[in-house]
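A.B. asks: Numbering (this note's numbering), first residue to last: 1088 to 1379. Don't be surprised by glycine CBs; every beta carbon is placed ideally from N, CA and C. Computed from a prediction, not measured in an experiment: that's the story for all the values here.
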Amino acid sequence: MTPQTTIVPVYAGDAMQLINISHAYNTGPLVLRNISLAIPNIQGDGQVIGWFGRSGRGKTTLAMICAGLMEASEGEVLAGSPLRRVIAGEVGMVWQESLLMDHDTVLGNLTFAGMRRGKVTKKDASDRAIEMLERFNLVEHKDKYPDEISGGQRRRVAILQQVLCTAQQGSFVLVLDEPFTGLDEVSKRHVCELIVECSKLDEFATIWLISHDVPETLAVSDHAVLLGWEYDANNEPIEGATILQTYDVSAEGLIWRDRNILERPEFSRLCRRVISDIEKDDPVRRKLGLVT
């Protein structure tokens, strides 16, 4: 039997800080309330932060704020080395539906993305794109068009597209919105492996992973966060989602560097605990007395 490996992380300051984030759209009710969180930097690698929560709990809103794509009503987000306010343009956002250009090849899409970083020649951008395709075992598809590759391959190319146009020396932030949706188990594993490798491109890379797929997300995350509503004594939800739980996955040795992570009993227990915590954020079940 192959012995299990427990990896003990070495921390070096914070990779990201969320400071008193609250947000409402115009004069509407609070969507987010009093969110503060320090994400420690694991020395030598970037960070993958898994975000869980029921639909409508502001996960995408918070991700866009942390990516510098929208301004919070209150508070600020710091990231990088040294820590500074996150601004748009340093951030990649990968939605459920990829934004690849259908009229161009995989290599063409990635070359164009690389040229968006500023003073980068087409040849240098193309060379970098081929290097990335080789690293992530996609180079055989470089001359194909997006509709000629599978859904899982398109998802992986879309992630590389955003890495190439946002990664800069010092840090980059990449937000992945439901990257596993619609993929089979093999494709999910390939996306997991790509996410981990992308996090290693820069020590201060910060990858936000928003997902309802608990096992896959926990498997690649260094930290995970549950966003949801708190409830008063009458089981009425308090306005604005906030952080309900945090899970230090790396400190427990349950991260993707152990390739058998999904088979470990302690990992299964963590998955069940997260799912149980998510299920507690249910106004109907609370009213019926089904949540203790």
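With DSSP as the reference, label Ala-1111 as helix, strand or coil.
C.D. replies: Here Ala-1111 sits in strand by DSSP.
A.B. asks: With distance defined between alpha-carbon atoms, name the residue in Glu-1317, Asp-1300, Val-1278 nearest to Leu-1225.
C.D. replies: When each option's Cα is compared against that of Leu-1225, the closest is Val-1278.
A.B. asks: Can you check which of these residues, Met-1219, Gly-1239, Glu-1353, is closest to Val-1273 by C-alpha distance?
C.D. replies: The option with the nearest alpha carbon to Val-1273 is Gly-1239.
A.B. asks: Alpha carbon to alpha carbon, how far is Leu-1251 from Arg-1204? Give it in angstroms, no decimals.
C.D. replies: Using only the alpha carbons, I get a separation of about 8 Å.
A.B. asks: Compare the Cα-Cα distances from Val-1307 to each of Lys-1287, Arg-1141, Val-1173 and report the closest residue.
C.D. replies: Of Lys-1287, Arg-1141, Val-1173, the residue nearest in Cα terms is Lys-1287.
A.B. asks: Rounded to a whole number of angstroms, what is the C-alpha to C-alpha distance between Ile-1362 and Leu-1331?
C.D. replies: Spanning the two alpha carbons is a distance of roughly 13 Å.
A.B. asks: Leu-1194 by DSSP, collapsed to three states: which one?
C.D. replies: Of the three classes helix, strand and coil, the one that applies to Leu-1194 here is helix, per DSSP.
A.B. asks: My parser needs the beta strand (DSSP E) runs of 3 or more residues fully inside the segment 1130-1162; what are they?
C.D. replies: With a minimum length of 3 residues, the continuous beta strand (DSSP E) runs that stay inside the segment 1130-1162 are 1134-1139.
A.B. asks: Distance check for Asn-1107 and Ser-1123, CA to CA, integer angstroms please.
C.D. replies: Rounded to whole angstroms, Ser-1123 to Asn-1107 spans 5 Å at the Cα level.
A.B. asks: If distances are taken between C-alpha atoms only, which option among Asp-1211, Cys-1358, Arg-1243 comes closest to Glu-1280?
C.D. replies: Out of Asp-1211, Cys-1358, Arg-1243, Arg-1243 has the C-alpha closest to the C-alpha of Glu-1280.
A.B. asks: So what's His-1299 in DSSP terms, helix, strand or just coil?
C.D. replies: Here His-1299 sits in coil by DSSP.
A.B. asks: Could you please give me the residues that DSSP links to His-1277 through a beta bridge?
C.D. replies: For His-1277, which the question treats as bridged, DSSP gives no partner whatsoever.
A.B. asks: Measure the alpha-carbon distance for Leu-1261 versus Gly-1133 and round it to whole angstroms.
C.D. replies: Going by the C-alpha atoms only, they are around 11 Å apart.
A.B. asks: Is the shortest distance between the beta-carbon of Thr-1208 and the beta-carbons of chain D less than 7 Å?
C.D. replies: Although the question refers to chain D, the structure presented lacks it and comprises just one protein chain.
A.B. asks: Going by the CB atoms, is the gap between Ala-1311 and Gly-1137 shorter than 7 Å?
C.D. replies: Yes, they are a contact pair.
A.B. asks: Quick check: what's the CA-CA separation for Arg-1144 versus Leu-1377?
C.D. replies: Distance between the alpha carbons of Arg-1144 and Leu-1377: 21 Å.
A.B. asks: Name the DSSP beta bridge partners of Asp-1310, please?
C.D. replies: The amino acid at residue 1310 is misidentified as Asp; the sequence shows His. His-1310 pairs with Ile-1136.
A.B. asks: Is it buried or exposed, Val-1181, if we count other Cβ atoms within 10 angstroms and call 16 or more buried?
C.D. replies: Answer is buried; the Cβ neighbour count reaches 16.
A.B. asks: Counting Cβ pairs closer than 8 Å, one from the segment 1157-1166 and one from the segment 1209-1224, do we hit at least three?
C.D. replies: No, the segment 1157-1166 is not in contact with the segment 1209-1224.
A.B. asks: Asp-1234 to Phe-1267, Cα distance in whole Å?
C.D. replies: Going from the Cα of Asp-1234 to the Cα of Phe-1267 covers about 19 Å.
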